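2 protein chains.
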Amino acid sequence: MEKLRKIGFSKLTSVSEALEILFSHIKINPIEEVEINSSLNRVLAVDIMSGMDIPPFDRSAMDGYAIQAEDSFGASTKNPKEIKLVGTIEIGESSFLKLKKGEGIRISTGAPIPVGADSVVKIEDTEIENNLISLYISLPPGKNVSKKGEDINKGTQVLNKGTELKAEHIALLTSLGFKSIKVVTKPKVSVFSSGDELLEPGDILIPGKIYNSNTPMISALVHLYGGEVIRGETVKDDLNYIKKKLIEAAEDSQIIIFTGGTSVGTKDYLPEVIKESGVILTHGIAQRPGAPVLTGLLNESLVFCLPGTPVAAYVSFLKMAGVAIRGIMGCSLLDPRSEIIVEISRDVPVSGLGYLHHLRVDIKKSEDKLVAIPVKLKGSGVISSLTKSDGIVEIPPHQEGLKKGEKVIVKLFPR
Amino acid sequence: MEKLRKIGFSKLTSVSEALEILFSHIKINPIEEVEINSSLNRVLAVDIMSGMDIPPFDRSAMDGYAIQAEDSFGASTKNPKEIKLVGTIEIGESSFLKLKKGEGIRISTGAPIPVGADSVVKIEDTEIENNLISLYISLPPGKNVSKKGEDINKGTQVLNKGTELKAEHIALLTSLGFKSIKVVTKPKVSVFSSGDELLEPGDILIPGKIYNSNTPMISALVHLYGGEVIRGETVKDDLNYIKKKLIEAAEDSQIIIFTGGTSVGTKDYLPEVIKESGVILTHGIAQRPGAPVLTGLLNESLVFCLPGTPVAAYVSFLKMAGVAIRGIMGCSLLDPRSEIIVEISRDVPVSGLGYLHHLRVDIKKSEDKLVAIPVKLKGSGVISSLTKSDGIVEIPPHQEGLKKGEKVIVKLFPR
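Listed in order, the protein sequences are those of chains U and S.
So the first sequence is numbered by the numbering used here: it starts at 1 and just counts up by one.
So the second sequence is numbered by the numbering used here: it starts at 1001 and just counts up by one.
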C-alpha cells in the first residue's frame, strides 16, 4: 500500500464519497415541452396534478341495462323480475334520459349512467322480449358502475417530477387530456476513447492493436440512460490533441466521458490535462474493477475518465457516469437497474478489503427459486464475462466476501 | 355461462392456444445490415462467430515490468531480487524486443508481452534505480498476463441469432472488428383506437366522453418491444370507416392493433369487419382482464383487436401483440419482461376458474426479501392500478388463487 501510494494514486475515494462530491456540482437541466407521443423514457420536470376526475362521470363497466338495483332484489333464473325497456345510451353519448322505478335503459360499457339508475345488470344475466326485460339476478346498488373520480380525483397529485415516463404513465397523462408535457432536456454527452492501441472497426488487425469497443459501448449506455451522444471518437495518446478535444467538447457537452489513459501508466495523460485545464474532483476510486476512475470539471462540464478495460469501463459507467446523467435529468431513481434478491450459489472470497467489488453473476432458475452464479473471469478486459452475465452483485468495502446461500441483491444490467 | 355463450363469445380460447395459432402465421422479417452504432435494441439475424482471438496477443494486464517469473522467486520487501531494465513496450506497439533471464522490460497495461517473458510484476511491487529493478514480490509464471484467446477463441460462436443487442453485445461485436451487423428489420405496426366516446388530447372535455389514452400507450409499448409505429389514429365507431382504415393499414403494416370495439356491444363492429375482409383466428381469450381479444389476418397482416379498457389493452398487448412483434423479429426471448420470484403478501382468491388472471402487484422490500403486494383495483379501466404497480403475477387457469407467503413469479413491466 505504501508503494501504491508512492507511484499510483495518492488516495482512493469511496464510490459514495465520490458521488457526493460529484453531485455538489450537478444542476438539473432546463425544462422543455414535448408532445406526449414523443415522451417515452423522458423525465417529468414537474409534479402532475389531475385537472379532472377519472372517470369523468359515472359510467357503465358492462354491456347491459342501467336499472334501479331495488327492481332486481330477489331475482333469480327461476324467479326472474321484469322491467320495461325505455331507451338506449351508447358510449360517447351525453343522454338526457331519466330512469324511473320499473324501467331499464340499454347501456354500453363506458357509457354514462342515466339519472335515476344506480346499477347495471349484465346483458348475459337478462333476456328481452317485446321491450320487457327479464332480470335473472339480484344486484346490490352500485353494481357494474364505475363512479366518477373512482380512479383519480380532480386535484390529486398523480405523478411526481423525476418520474421516467413509460407506457403506463403516458396512458395516465393522455387520459387526463395532456397533449404535451414538461420534461427535463437530455444531457449532451461526448464520448471519447483514448489509446494508441485502438483500431476502428473495419481497420485491418495489426500486431499489438485491438479494436476499440468502448466508444460504441459507452454510447449505447448513454442512450439507455437517457443522455444524448453528440460526439463519439477515438483519440491517440497525444497530450496536446487530447487537450484540444477536451476543450472543444467542454463547449457543448454537459458530460464528457473518456475511457483509457486515466491510470498511472507512462502515457496516461488525462489526469495531467484535466488538472491543467480544469479541476480534478477525485482520482482513484475504491472499487474493483474500476479503481482508476477520475472525475473532474472542465468549465461547466463534468468529466469522467473511466478505465480502458471494457468491464471496468462498463461498471464505472453504471455506478458513476450513468448516475450523473440521471442526476442532471432530475430522475428520482438515479440508478435505473432492476434489483432482485436471490441466493448466491457458492462462497465468494474477496481479496482487497476496503474496495467495493462488482461481482458479475448469471441468474439461473433452480427449483422454485432463482440463484446467482458468479461468472468465472480472468480480468476486467474480459467482455464475454458481461455477455454471459445478467447483472452485478455489489460486495461493500469491509465485507469479507459472500457465503454460499447468502441472500444478495443483484442489479440487473440496464435493458 | 349458457347465457354468455348465447350473447357473448361462442368459445373462449386459452392464451397458449391462441399464441400457437398466431405463430403458425408468423414469418420472421427480412434481414438488413445496420451500423454497429445504430444497433442498440436490434435483433441479431445471424449467429456470430469470432473471426479472431480476444485478446489477439498475449498482453499485460498491469502497468509494470515484463519478466521471467523465475527471476522473482523468493523475492520479498526484505529480500528484493534485482534485474536489469533493457527496454520499454508501450501499448499499441508491436515490439521486436526479446527478454532474457535477469532482464525486465517496462510494459503498459494492454501492451504485448515480449518474447521470452512469462509474467508481469506490478510497478508498485518494484523500485528502480540506475536501470536496476528491485523486485519486492515473488510471482508465479503467467501472473498479470492475459493470454491470447483467453476471453474468446477464434471460431467460437459468441452470439446467437435472435439476441437483442444491448451495450455489452455491442462491445463484444466491436471488439471483434464488426463495423456493421445483420439484424432483422423492424415490424411495421399500425395502431388504432375506436370509440365514439374518445376525445383527442387538447379537445375540450364534454359529457359522456373521455380522452383516448390507448393509442399513445400502445404506441409506446410497440416502441419498447422493438416495432415501428407507422400509423396511430383514433377512429369513430363507423363500420365502413373502420373497414376502410383496416384495408389501408393492411397494405403497409405487418401488425395492426385496434383497441376497443371488439366485444359484444351494439357498436362492436370489428369482429364483423375482420370476418368480411379477412380471417378471424380467435375471438375471446380465457384471460382476465382481456377476454374480448380478437386475433385475425387481413391479407398478410396480423390483426389484434384488444379491449378498449386501458389495463385490459395493456396486459393483452404484453401477452399477445407484443409477443407477435418479437416473433416477427425472431427474438429468442419472446417475452422480454424481467422475472423475479418473491412471496405474495396476502391470500388472493380467484373468481372464474378457467381464466388466466393477470394480477397487478407492487414490489416492496421487507427485511431481507422482496414481497409482491396485490394492488387494489376496481376494474380494468383503472389506469392508476398500472402506475402504482411494478408488474404482473399470472395465476394460471384452474389454479384456485394464491396463498399468503406462496412463491410467485412477477413479470416486471417493460422498461
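All residues carry an ideal CB built from backbone N, CA and C; glycine is no exception.
Everything numeric in this text was worked out from a predicted model, so none of it was measured.
Let me make sure I understand the geometry here. Which of the options has the alpha-carbon closest to that of residue i?
{"i": "U:V311", "options": "U:E248, U:I280 and U:S213", "result": "U:S213"}
{"i": "U:I48", "options": "U:G261, U:Y65, U:I152 and U:A250", "result": "U:I152"}
{"i": "U:E200", "options": "U:Y211, U:V191, U:L412 and U:E33", "result": "U:Y211"}
{"i": "U:I280", "options": "U:T88, U:L270 and U:Q287", "result": "U:L270"}
{"i": "U:V361", "options": "U:S351, U:M52, U:R346 and U:N130", "result": "U:R346"}
{"i": "U:H358", "options": "U:E33, U:G401, U:R42 and U:V371", "result": "U:G401"}
{"i": "S:T1174", "options": "S:L1318, S:G1278, S:K1148 and S:N1037", "result": "S:N1037"}
{"i": "U:G232", "options": "U:E248, U:D238 and U:L239", "result": "U:E248"}
{"i": "S:D1118", "options": "S:S1014, S:K1236, S:K1100 and S:I1256", "result": "S:K1100"}
{"i": "S:L1158", "options": "S:T1387, S:L1176, S:S1277 and S:G1391", "result": "In the sequence as displayed, the identity of residue 1158 of chain S is Val instead of Leu. Checked all of S:T1387, S:L1176, S:S1277 and S:G1391; the closest Cα to S:V1158 is S:L1176."}
{"i": "U:L205", "options": "S:S1384, S:G1092, S:G1104 and S:C1331", "result": "S:G1092"}
{"i": "U:K244", "options": "U:L333, U:L221, U:S277 and U:I218", "result": "U:S277"}
{"i": "U:Q172", "options": "S:Q1399, S:V1408 and S:I1383", "result": "For the record, residue 172 of chain U in the displayed sequence is Leu; it is not Gln. Nearest option by C-alpha distance: S:I1383."}
{"i": "S:L1019", "options": "S:N1160, S:L1318 and S:G1354", "result": "S:L1318"}
{"i": "U:K11", "options": "U:T282, U:A324 and U:L356", "result": "U:T282"}
{"i": "U:P374", "options": "U:I409, U:G352 and U:G354", "result": "U:I409"}
{"i": "S:G1102", "options": "S:Y1065, S:S1094 and S:R1042", "result": "S:Y1065"}
Under a three-way DSSP split, which group does residue i fall into?
{"i": "S:A1066", "result": "strand"}
{"i": "S:H1398", "result": "coil"}
{"i": "U:S24", "result": "coil"}
{"i": "S:Y1241", "result": "helix"}
{"i": "S:L1040", "result": "coil"}
{"i": "U:R326", "result": "helix"}
{"i": "U:F317", "result": "helix"}
{"i": "U:I206", "result": "coil"}
{"i": "U:P310", "result": "helix"}
{"i": "S:L1281", "result": "strand"}
{"i": "S:M1052", "result": "coil"}
{"i": "U:I247", "result": "helix"}
{"i": "S:K1148", "result": "coil"}
{"i": "S:I1123", "result": "helix"}
{"i": "S:P1216", "result": "helix"}
{"i": "S:K1275", "result": "helix"}
{"i": "U:V15", "result": "helix"}
{"i": "S:R1005", "result": "The predicted model places S:R1005 with a pLDDT of 40, which falls under 50 and marks its position as unreliable, so this point remains unresolved."}
Going by other Cβ atoms of all chains shown within 10 Å of its Cβ, with 16 needed for buried, is residue i buried or exposed?
{"i": "S:T1126", "result": "buried"}
{"i": "U:R106", "result": "buried"}
{"i": "U:R431", "result": "Any question about residue 431 of chain U goes unanswered here, given that chain U covers just 1 to 415."}
{"i": "S:P1448", "result": "Any property of residue 1448 of chain S remains undetermined from this structure, which presents chain S solely from 1001 to 1415."}
{"i": "S:P1292", "result": "buried"}
{"i": "U:I21", "result": "exposed"}
{"i": "U:K209", "result": "buried"}
{"i": "S:P1414", "result": "buried"}
{"i": "U:E164", "result": "buried"}
{"i": "S:D1390", "result": "buried"}
{"i": "U:F96", "result": "exposed"}
{"i": "U:G322", "result": "buried"}
{"i": "S:P1114", "result": "buried"}
{"i": "S:G1068", "result": "One detail in the question is off: residue 1068 of chain S reads as Gln in this sequence, not Gly. Buried."}
Quick one: what's got a C-beta closer than 8 Å to residue i's C-beta in the same chain, skipping five residues either side?
{"i": "S:Q1254", "result": "N1029, P1187, K1188, V1189, E1300, S1301, L1302 and I1328"}
{"i": "U:Y136", "result": "A75, S76, T77, P80, D125, T126 and E127"}
{"i": "S:N1131", "result": "K1084 and L1085"}
{"i": "U:L416", "result": "What is shown of chain U runs 1 to 415, which leaves residue 416 of chain U out entirely."}
{"i": "U:I26", "result": "L302, A324, G327 and I328"}
Within a Cβ cutoff of 7 Å, which residues of the same chain sit near residue i, ignoring the five residues on either side of it in sequence?
{"i": "S:M1062", "result": "T1109, V1120, K1122 and N1144"}
{"i": "S:K1148", "result": "D1053, P1055, P1056, F1057 and D1058"}
{"i": "U:Y314", "result": "M217 and L386"}
{"i": "U:S197", "result": "The sequence as given places Glu at residue 197 of chain U; Ser does not occur at that position. Excluding sequence neighbours, U:E197 sits near G208, K209 and I210."}
{"i": "U:S14", "result": "A286 and P397"}
So, under 8 Å CB-CB, residue i and residue j are touching, yes? Tell me the CB distance rounded to an integer number of Å.
{"i": "S:V1393", "j": "S:K1369", "result": "Not confirmed; about 16 Å, so no contact."}
{"i": "S:R1326", "j": "S:K1411", "result": "In fact, because the Cβ distance is near 14 Å, the residues do not count as touching under 8 Å."}
{"i": "S:G1397", "j": "S:A1286", "result": "The sequence given here has Pro at residue 1397 of chain S, not Gly. Sure, about 6 Å apart at Cβ, within 8 Å."}
{"i": "S:E1168", "j": "U:T156", "result": "Actually they do not touch by this definition, with Cβ atoms about 41 Å apart."}
{"i": "S:P1112", "j": "U:P207", "result": "7 Å"}
{"i": "S:L1246", "j": "S:I1256", "result": "7 Å"}
Within its chain, find whatever has a CB closer than 6 Å to the CB of residue i; leave out the 5 residues flanking it on each side and keep chain order.
{"i": "U:A250", "result": "L298, N299 and S301"}
{"i": "U:G260", "result": "S193, S194, G195 and G308"}
{"i": "S:E1406", "result": "I1344"}
{"i": "U:F73", "result": "S138"}
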